[in-house]
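Here this note's numbering is used: the first residue of the sequence shown is 4, the next is one more, and so on.
Here is the structure we will look at, set down as structure tokens.
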Amino acid sequence: MFETGRLIQGWIRRSRTEVLILLGGMALALWSLGPPLNLPYLFDDPVVLESAQEASWSEIWTSFRWPVGYYRPLALSLWKAAIQVSGEHAVRMLRGLALALHLMNALLVGALYLRIAGAEQKWGGALAALLFLTFPFSVQAISYPNAIIHPLVAFLILAATGFSSLPGPAAAVIGFLLAFSAPFAAEHGVMAGWLILLFVSLSRGSPAASGSWTPYRVAIYGALPFVFFALWLSLSGSTRAIGGYSLPDVMWNGLYLLQGLLSPFIRAVPASWSGSAWKMALAEAGMLASLAIVFWLQKRFPLWLTSVGWYGLAVLPVAISRPFVYVMDGPRLMYLAAAGAAWLWAGVISHLARRRRWGRWAALILAGGILLAHGEFLLELRMQLETGGRLAEETLRQVQEIPSGKTLVFVNYPSWLAASNERYPLGHEGVPLIPDYLGLASFLRANLGRSWTVVELSFPDIMQSWRFRFGTLGTWPGWQRMAEIVQQADYVYIVDYSSGVHPQLMLSGMKAPCSSQLAAFGEGELILCDASIEGSAGEIRVYTTWTAAARIPADWTIFLHLYDPDGRLLAQEDGYLVGRTLPPQRMEPGVSIREIRRLPLSAVRSPGMHRIAIGVYRRETGERLEVHSSLPHPDRALLLGTLWIRK
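And the structure:
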């Protein structure tokens, strides 16, 4: 550690301008990357949290306690320690640690570039650090605490590589200990030994590394993957961590993962090629071969070998052991490999900059273009994370006041968000929020520490287009089943996307007794029990409780109107009960439910006393039903009340 500190200090003294630019770029990149630290547990966080809470320290290190059969005791120990130290604030600590690791990894990538390309390549080192920091596929790895394994493994391996390339027994011991620790953080850490061997063998020309490697040391590092593979096989359930192998999957995995190495140019590949393996393979092989020729002609082929070899070895475990359907949703899997991509493109740009004036301009344009493209991609993901996080926080705020054990229904709740257009030909882009296989019940339990019965529904009839693409939790159960679910629920929430910026979680219905009768409609089958009106920012909320005295004979629907002082209709909300999820015709007699309707105030033209009326009509004909009430009901519209509205 002392030697590495001296190396970094010396680089800073010799390269102050580069360091200042690097720090400024890092600050900007971290801002574009980092979602707010106070985002709740999302994605797979709940299952990892549960494992860390339930497992003892000994179980963490002696069994596959990480969810879905992985052996990651070092990462799970970090979780358990954070929980014990910070309690409910552990999520912030873990996110902060992931960002800190990401920053340290970027500095290590920059420092290691100098080992490959030469100590005089100061600008190249700074650029490699920035390229790693803004690597477009890394957002998942640093945004969710469950993915902290990726920056953790990368830190251990990059630091081990740095120490292993230094002379002296102390550096050798520290390097070995770091490399030996990597597989305990995540299974792809088994590649630590081979990655270090690759790096050191291709940078042996540096005075620091010469003479420090013996055949015995090479054999130890080369054997590390086999040692840990044997360890995993000795633990119960280890086969679950290495299943899923198939040749078609390996092919598509390789094509998808290579996008990270070639990301500056792969975005130019036509989207129509995404379904053609041979077209994608031809494009990627052509790019790699072209870069190899350039590096060969410039007598810098070891840099190409180191960069491409590092990338290939880093993604090899997942490429040969996971189905493509898993890999294509996991850009975080490229995090460790991103060091190789950063070295490759830093080498290309640094070589251009050594040319005459045109080369410097070309290098500036290429570097700026790559960083701008990466930055634009990262900013888009940041907006998606902030938008999804804001909805998640609002969900927690509304639910935390509800007693445990109640039944909550959520309609059209987003499971993931993505941009309207894919940037890269293969894989799925965007950010996961709450996976279908976990659901909102796990999300609520992880963040609030209490449990509710949660039902998720997808309701296409009220789905709205929005600035982002999104998938919803749950499925469409059909009208009858949805009506049954809504009537049995204690609270019904609907996500509204009409604002165009942030989706709104709307409480649309809840259980409530029918203690009185304000009006009856039709032949008395549908009863309005009570009503109240509330004015709030930008809208009027009308609370009404309904029950069915008998089976509703036809398809009826409800209307709510807002009239100005002159009797002109300004706003209305028509539709079935509870956000259009409950047709009165499907109500069970005797069941009562309160719904909330909202009328926008944007149509109000002048201040004055405005009237609010409600009624029922036949959906097929639009004919209003007879009203039986002591309240005024001109034109079969029951007057609920008046409200003074200021423009």
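Even for Gly, the Cβ is constructed at its ideal location relative to N, Cα and C.
Thr137 - DSSP class collapsed to helix/strand/coil
In this structure, Thr137 counts as coil in the three-state DSSP scheme.
Tell me, please, which residues DSSP counts as bridged to Phe562.
Partner(s): Asp577 and Gly618.
Quick one, are the C-beta atoms of Ala93 and Ala85 less than 8 angstroms apart?
In this structure, Ala93 sits near Ala85, with a CB-CB distance shorter than 8 angstroms.
Beta-carbon contacts of His631 that lie in its chain and below 6 angstroms, excluding the five residues immediately before and after:
Listed in chain order, the non-local C-beta contacts of His631 below 6 angstroms within the same chain comprise Ala523, local neighbours out to five positions each way being set aside.
Nearest residue (CA-CA) to Ser184, options Thr137, Pro320 and Pro228
Ranked by Cα distance from Ser184, the first of Thr137, Pro320 and Pro228 is Pro228.
For Tyr147, count the other beta carbons within 10 Å of its own beta carbon; 16 or more makes it buried, fewer makes it exposed. Which is it?
Around the C-beta of Tyr147, 16 or more other C-beta atoms lie within 10 Å, and the residue is accordingly described as buried.
Quick one: using the 10 Å Cβ neighbour count with 16 as the cut-off for buried, is Trp559 buried or exposed?
Residue environment: Trp559 is assigned as buried (16 or more neighbouring CB atoms within 10 Å of its CB, all protein chains considered).
Would you tell me roughly how many angstroms separate the C-alpha atoms of Trp64 and Phe231, rounded to the nearest one?
Rounded to whole angstroms, Trp64 to Phe231 spans 13 angstroms at the Cα level.
Taking a contact to mean a Cβ-Cβ separation below 8 angstroms, would you say Ala557 touches Gln588 in this structure?
Result yes, Cβ atoms of Ala557 and Gln588 sit closer than 8 angstroms.
Label Ser511 either buried or exposed according to how many other C-beta atoms from any shown protein chain fall within 10 Å of its C-beta, with 16 as the threshold for buried.
Under this definition Ser511 is a buried residue.
The segment 250-269 / the segment 337-346 touching (three or more Cβ pairs under 8 angstroms)
Yes, since at least three Cβ pairs between the segment 250-269 and the segment 337-346 fall closer than 8 angstroms, the two stretches touch.
Among the candidates Pro139, Ser141 and Leu106, whose CA atom is the shortest distance from the CA of Ala132?
Considering only Pro139, Ser141 and Leu106, the residue with the shortest C-alpha distance to Ala132 is Leu106.
With a threshold of 16 other CB atoms inside 10 Å of the CB of Pro251, please say whether the residue is buried or exposed.
Exposed, by the Cβ-count rule.
Would you mind reading off the limits of the beta strand (DSSP E) that contains Trp651?
The structure shown does not extend to residue 651, since the chain is modelled only from 4 through 650, so no value can be given for it.
Could you pull out every residue in the same chain whose Cβ sits closer than 6 angstroms to the Cβ of Ala286, ignoring the five residues on either side in sequence?
Answer for Ala286: Val272, listed in chain order.
Span of the beta strand (DSSP E) holding Met509?
Looking at the DSSP string, the run of the beta strand (DSSP E) that includes Met509 is Gln507 to Lys514.
Which listed residue (Tyr259, Gln87 and Pro320) has its alpha carbon closest to that of Leu280
Reading off the sequence, residue 280 comes out as Ala, not Leu. It is Tyr259.
Is it buried or exposed, Ser167, if we count other Cβ atoms within 10 angstroms and call 16 or more buried?
Ser167 should be labelled buried.
Would you call Arg600 buried or exposed, if buried means 16 or more other Cβ atoms sit within 10 Å of its Cβ?
By the 10 Å Cβ count, Arg600 comes out buried.
Please report the distance separating the alpha-carbon of Lys409 from that of Leu308.
As the crow flies, the alpha-carbon of Lys409 is around 60 angstroms from that of Leu308.
With a threshold of 8 angstroms on Cβ separation, who are the neighbours of Gly582 within its own chain once the five nearest residues in sequence on each side are excluded?
Excluding sequence neighbours, Gly582 sits near Val414, Ile465, Val495, Ile497, Met509, Ser511, Gly512 and Glu598.
Once the 5 residues before and after Ile543 are set aside, which same chain residues still bring their CB inside 6 angstroms of it?
Here the set comprises Leu602.
Using a 10 Å radius around the Cβ and a threshold of 16 neighbouring Cβ atoms, would you call Trp14 buried or exposed?
Residue placement at Trp14 cannot be trusted, given a pLDDT of 47 that sits under 50; what the coordinates show is reported in the next sentence. Trp14 is buried by the Cβ-count criterion.
Taking Trp549 as the reference, which of Gly611, Met612, Ile617 and Ser502 has the closest Cα?
Closest option to Trp549, Cα to Cα, is Ile617.
Mind checking which residues open and close the beta strand (DSSP E) that includes Ile497?
Annotation: the continuous beta strand (DSSP E) that includes Ile497 extends over Tyr494 to Asp499.
Based on DSSP bridge pairs, tell me the residues matched to Met612.
As DSSP reads the structure, Met612 sits in a beta bridge with Trp647.
State the Cα-Cα distance for the pair Gly333 and Leu429, rounded to the nearest angstrom.
It is roughly 12 angstroms from the alpha-carbon of Gly333 to the alpha-carbon of Leu429.
Boundaries (first-last residue) of the beta strand (DSSP E) holding Phe231:
That residue, Phe231, is in no beta strand (DSSP E); its alpha helix (DSSP H) goes Pro218 to Leu236.
Please go through the same chain and pick out, in chain order, the residues whose beta-carbon is closer than 6 angstroms to the beta-carbon of Arg627, but skip the five residues on each side of it.
Closer than 6 angstroms at the Cβ level, and outside the excluded window around Arg627, lie Gly618, Tyr620 and Arg639.
When Ala175, Met254 and Met485 are compared against Met283, the one with the closest alpha-carbon
Closest by alpha carbon: Met254.
Of the residues Ala195, Trp69, Asp499 and Ala370, which one's Cα is nearest the Cα of Ala162?
Minimum Cα-Cα distance from Ala162 among the listed residues Ala195, Trp69, Asp499 and Ala370 corresponds to Ala195.
Could you compute how far the alpha carbon of Met612 sits from the alpha carbon of Gly625?
Met612 and Gly625 have their alpha carbons spaced roughly 28 angstroms apart.
Let's test the definition: count the other Cβ atoms within 10 Å of the Cβ of Ile296 and tell me whether it reaches 16, buried, or not, exposed.
Ile296 counts as exposed, since fewer than 16 other C-beta atoms from the protein chains shown sit within 10 angstroms of its C-beta.
Give me the Cα-Cα distance between Ile223 and Pro49, rounded to the nearest whole angstrom.
Distance between the alpha carbons of Ile223 and Pro49 is about 38 angstroms.
Could you pull out every residue in the same chain whose Cβ sits closer than 6 angstroms to the Cβ of Arg622, ignoring the five residues on either side in sequence?
These residues qualify, in order along the chain: Asp558 and Thr560.
Examine the Cβ distances between the segment 530-543 and the segment 443-458 and report whether three or more of them are shorter than 8 angstroms.
Fewer than three Cβ pairs drawn from the segment 530-543 and the segment 443-458 lie within less than 8 angstroms of each other, which leaves the two stretches out of contact.
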